[in-house]
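Colleague: Per this note's numbering, the very first residue in the sequence shown carries number 16; after that it's consecutive.
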Amino acid sequence: MKPFALLAVVVALFSSQLALAGTSKHWLGNQRAVVLLVEWKDKAARKSPQEMTETFFGKGNKSLREFFAENAQGAFDLTGDVREWRRSDRNWQVGSTCSLDPIVREAWKLHGRGINVADYDADGTGKIDNLFVVHSGRI
16 MKPFALLAVV
26 VALFSSQLAL
36 AGTSKHWLGN
46 QRAVVLLVEW
56 KDKAARKSPQ
66 EMTETFFGKG
76 NKSLREFFAE
86 NAQGAFDLTG
96 DVREWRRSDR
106 NWQVGSTCSL
116 DPIVREAWKL
126 HGRGINVADY
136 DADGTGKIDN
146 LFVVHSGRI
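The structure is reproduced here in structure tokens:
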């Protein structure tokens, strides 16, 4: 995924979190996220899980964590885990719709059994608060 595409997804997520600010403060403080890596059968992954960890949670490298901290004036600190690449038995559907549902469903099919939702549920709703999916195809 190109950096600007990732940034667009991040900005949309961050904006939705801020929209909830008037009713809930669960987005303040440390937030744990899980990043699921999906490699399509016909598109090899190009970044290591370690590189993805630095992109999302690193310090001193303009990571997503630093973006959130700066834009929340230090009130939001994103940490978490990047899961290993899991290879799908499906090909990447070039030219398909921009619907994220099939991508997220595939990611959950590949990773879901190994994830303890409570580790990423700061507000106690039984749902992951901060979920990111990175895949080897292009949107």
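The C-beta atom is built at its ideal place from N, Cα and C for all residues, glycine as well.
State buried or exposed for threonine 70, treating a residue as buried only when at least 16 other CB atoms are found within 10 Å of its CB.
Modeller: Taking the sequence shown and counting its residues from 1, the one referred to as residue 70 is at position 55. Per the 10 Å Cβ criterion, buried.
Colleague: Can you tell me the Cα-Cα spacing of alanine 48 and phenylalanine 83, whole angstroms?
Modeller: Numbered from its first residue, the sequence shown carries residue 48 at position 33. Numbered from its first residue, the sequence shown carries residue 83 at position 68. Roughly 13 Å between the two C-alpha positions.
Colleague: State buried or exposed for glutamate 54, treating a residue as buried only when at least 16 other CB atoms are found within 10 Å of its CB.
Modeller: Taking the first residue of the sequence shown as 1, we reach residue 54 at position 39. Result: buried.
Colleague: Rounding to the nearest angstrom, what Cα-Cα distance links lysine 56 and arginine 120 in this structure?
Modeller: Sequence index remark: in the sequence shown, residue 56 carries index 41 (1-based). Sequence index remark: in the sequence shown, residue 120 carries index 105 (1-based). Distance between the alpha carbons of lysine 56 and arginine 120 is about 16 Å.
Colleague: I need the straight-line Cα distance from glutamine 46 to lysine 58, nearest angstrom please.
Modeller: Along the sequence shown, one-based indexing puts residue 46 at 31. Along the sequence shown, one-based indexing puts residue 58 at 43. In a straight line, the C-alpha of glutamine 46 is about 31 Å away from that of lysine 58.
Colleague: In angstroms, rounded to a whole number, what distance separates the CA positions of leucine 115 and aspartate 136?
Modeller: The residue given as residue 115 occupies position 100 in the sequence shown. The residue given as residue 136 occupies position 121 in the sequence shown. If I take the Cα positions, the gap works out to 22 Å.
Colleague: Can you look up tryptophan 123 in the DSSP assignment and give me helix, strand or coil?
Modeller: Counted from its first residue, the sequence shown places residue 123 at position 108. In the structure shown, tryptophan 123 sits in a helix (DSSP, three-state: H, G or I).
Colleague: In whole angstroms, what is the alpha-carbon distance linking tryptophan 123 and phenylalanine 91?
Modeller: Your numbering for residue 123 matches position 108 in the sequence shown. Your numbering for residue 91 matches position 76 in the sequence shown. About 26 Å.
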